[in-house]
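This report concerns only the one structure given below.
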Amino acid sequence: MDRRTLLKAGVAGSAALAAPFVITRGANAQSYKSEYRVSTVVGTAFPWGKGAQIWIDKVRERTQGRINMKLYPGVSLINGDQTREFSAIRQGVIDLALGSTINWSPQVRQLNLFSLPFLSQDHAGLDSLVQGEIGDEILKIVEKAGVVPLGWGENGFRQVTNSRHAIRRPEDMKGLKFRVVGSPIFNDTFTAFGANPTQMSWADAQPALASGAVEGQENPMHIFAAAKLHTLSQRFVTLWDYVADPLIYVANREVWNSWTPEDREIVRAAAVEAGKEEIALTRKGLSGDDRSMIKDVEALGVTVTELTPDEKAAFQKTVKPVYDKWTKQIGTDLVKRAEAAVAASRKA
Ligand code: X2X
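One rule links them: number in my numbering = place in the sequence shown (from 1) + 6.
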């Protein structure tokens, strides 16, 4: 068919003419980059890094190498400054990421929901937030903030550790120097407990623990074990389940738009599947009858303290003003609905 015959053929004909043009201008294999950089804070020794690598491998296989993603752990694309990760993804310095809600909360204030002390407290409570309507709403907020959210992972419930003595009561934290993560809510929380918190990156935390510049920190048990924090004087762990940080798989918007719809679907489905595997790895040895992770840490010569419900309640009461202050910043309506979801998970 020559051009004139096509024009005469009307609408169907012009669509046929236009279609190849759109494909050449938009997503096609030629416009794909040779490598897409995936940012994480920790590498494949940790469930978090494994969760990113599983995603990368699935995508490579399912796109026959069209989409070649590579892991950059240690937030190395932004020199370890994890609180800048979200902005860097938005700007395209980072193509894709599996990032913690904590590290992105300076840019997306609603992500502090997960850092509200003692909001969720167990896996069922956390699932009621992440896997339900609240989680969907949070992903929409993340999308509005300028990146493409694809699925959930989990860093885990964060436990408090230190080099001095077992912590059972808020008083036990008085004057202890803690490294805290990059959202100001953690400063407020540790200050409320009478401790002396300093905000620093994960990269800076390890030398600070090694030198004794700080005496304690808080992180999930898998981070504790894989980073061998017992070798950095962390001899006391208290299981208090005060917050858990979910992880979110995301893509830079321009990168996302440069892919064909089929490839986008492959990347999204792979993120959801990798996320399920990652969450299972994060909870391994820490849920149901399998508490082997705690035994493993004790076997390293670490004292692990489990709080009774009353002991936990004492921490919760002490930190209530911080909870209330941050509820306003996050959005009272969102927090109230999150509390209702968690309460329903307890009755279930
Ligand atoms: O910095 C931390 O403590 C870590 C590794 O858990 C996060 O990136 C939130």
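Ideal Cβ positions, reconstructed from N, Cα and C, are used throughout, including at glycine. As the structure is a prediction and not an experimental result, all values here were calculated from the model.
So what does DSSP say about residue 177, is it helix, strand or coil?
On the sequence shown, position 171 is the one that residue 177 refers to. Residue state, collapsed to three classes: helix.
Quiz prompt | Nearest residue (CA-CA) to residue 42, options 175, 95, 85 | solution = Your numbering for residue 42 matches position 36 in the sequence shown. The residue with the shortest Cα to Cα distance from residue 42 is 95.
Where the beta strand (DSSP E) containing residue 132 begins and where it ends
As a working note, residue 132 is residue 126 in the sequence shown. Residue range 129 to 136 is occupied by the alpha helix (DSSP H) that includes residue 132, with no beta strand (DSSP E) assigned at that position.
Contact the region 210 to 222 vs the region 140 to 160: 3+ CB pairs below 8 Å:
Here the region 210 to 222 does not lie against the region 140 to 160, with fewer than 3 beta-carbon pairs under 8 Å apart.
Close Cβ partners of residue 208 (< 6 Å) along its chain, the five nearest in sequence each way excluded: Position 202 of the sequence shown, counted from the start, is the residue given in the question as residue 208. These residues qualify, in order along the chain: 47.
Put residue 241 into one of helix, strand or coil per three-state DSSP. Position 235 of the sequence shown, counted from the first residue, corresponds to residue 241. Looking at residue 241 - three-state DSSP - the assignment turns out to be coil, as it is neither helix nor strand.
#### Entry: DSSP bridge partner residues for residue 103 (one or two, in chain order)
Residue mapping note: residue 103 aligns to position 97 of the sequence shown, counting from 1. Bridge pairing for residue 103: 45, 256 [DSSP].
(Q) Per DSSP, what are the beta-bridge partners of residue 78 in this structure? (A) Working through the sequence shown from its first residue, we reach residue 78 at position 72. Its beta-bridge partners are 45.
**Beta carbon of residue 311 nearer than 8 Å to that of residue 244** = Numbered from 1 along the sequence shown, position 305 holds the residue referred to as residue 311. Numbered from 1 along the sequence shown, position 238 holds the residue referred to as residue 244. Yes; because the gap between Cβ atoms is below 8 Å, this pair is in contact.
| task | Verify whether the separation of the beta carbon atoms of residue 105 and residue 253 is less than 8 Å. | result | By one-based count along the sequence shown, residue 105 stands at place 99. By one-based count along the sequence shown, residue 253 stands at place 247. For residue 105 and residue 253, yes; Cβs fall inside 8 Å.
For residue 295, which three-state DSSP category applies? Position 289 of the sequence shown, counted from the first residue, corresponds to residue 295. Coil at residue 295, not helix or strand.
Q.
Taking contact to mean 3 or more Cβ pairs, one atom from each stretch, closer than 8 Å, check whether the region 168 to 175 and the region 125 to 134 are in contact.
A. In short, these stretches do not touch, since the Cβ pair count stays below three.
Original post:
For residue 297, is the classification buried or exposed, using 16 other Cβ atoms within 10 angstroms of its Cβ as the cut-off for buried?
Top reply: Along the sequence shown, read from residue 1 onward, the residue named residue 297 stands at position 291. It counts as exposed.
Item checked: Residue interval of the beta strand (DSSP E) (run including residue 193) -> Within the sequence shown, numbered from 1, the residue matching residue 193 stands at position 187. Premise fails: residue 193 lies in the alpha helix (DSSP H), 190 to 198, not in any beta strand (DSSP E).
Which residues in the same chain as residue 349 place their Cβ atom closer than 8 Å to its Cβ, once the five residues preceding and following it in sequence are excluded? On the sequence shown, residue 349 is found 343 positions in, with the first residue counted as 1. So the list is empty, once near-sequence residues are dropped.
Review point. Is the closest heavy atom of the ligand X2X to the C-beta of residue 325 under 7 Å?
Key: Here residue 325 corresponds to residue number 319 of the sequence shown, with the count starting at 1. Incorrect: residue 325 has no Cβ contact closer than 7 Å to the ligand X2X.
### For residue 250: DSSP bridge partner residues
As a position in the sequence shown, residue 250 is number 244, starting the count at 1. For residue 250, DSSP records a beta bridge to 163.
What would DSSP say about residue 158, mapped onto helix, strand or coil? On the sequence shown, residue 158 is found 152 positions in, with the first residue counted as 1. Strand, per DSSP.
If you follow the beta strand (DSSP E) that residue 116 is in, where does it begin and where does it stop?
For this step, residue 116 is matched to residue 110 along the sequence shown. Segment: none, residue 116 is in no beta strand (DSSP E) and carries neither H nor E.
In the DSSP output, what is residue 312 paired with across the bridge? As a first step, residue 312 is located in the sequence shown; it is residue number 306 there, counting from the start. As DSSP reads the structure, residue 312 sits in a beta bridge with 245.
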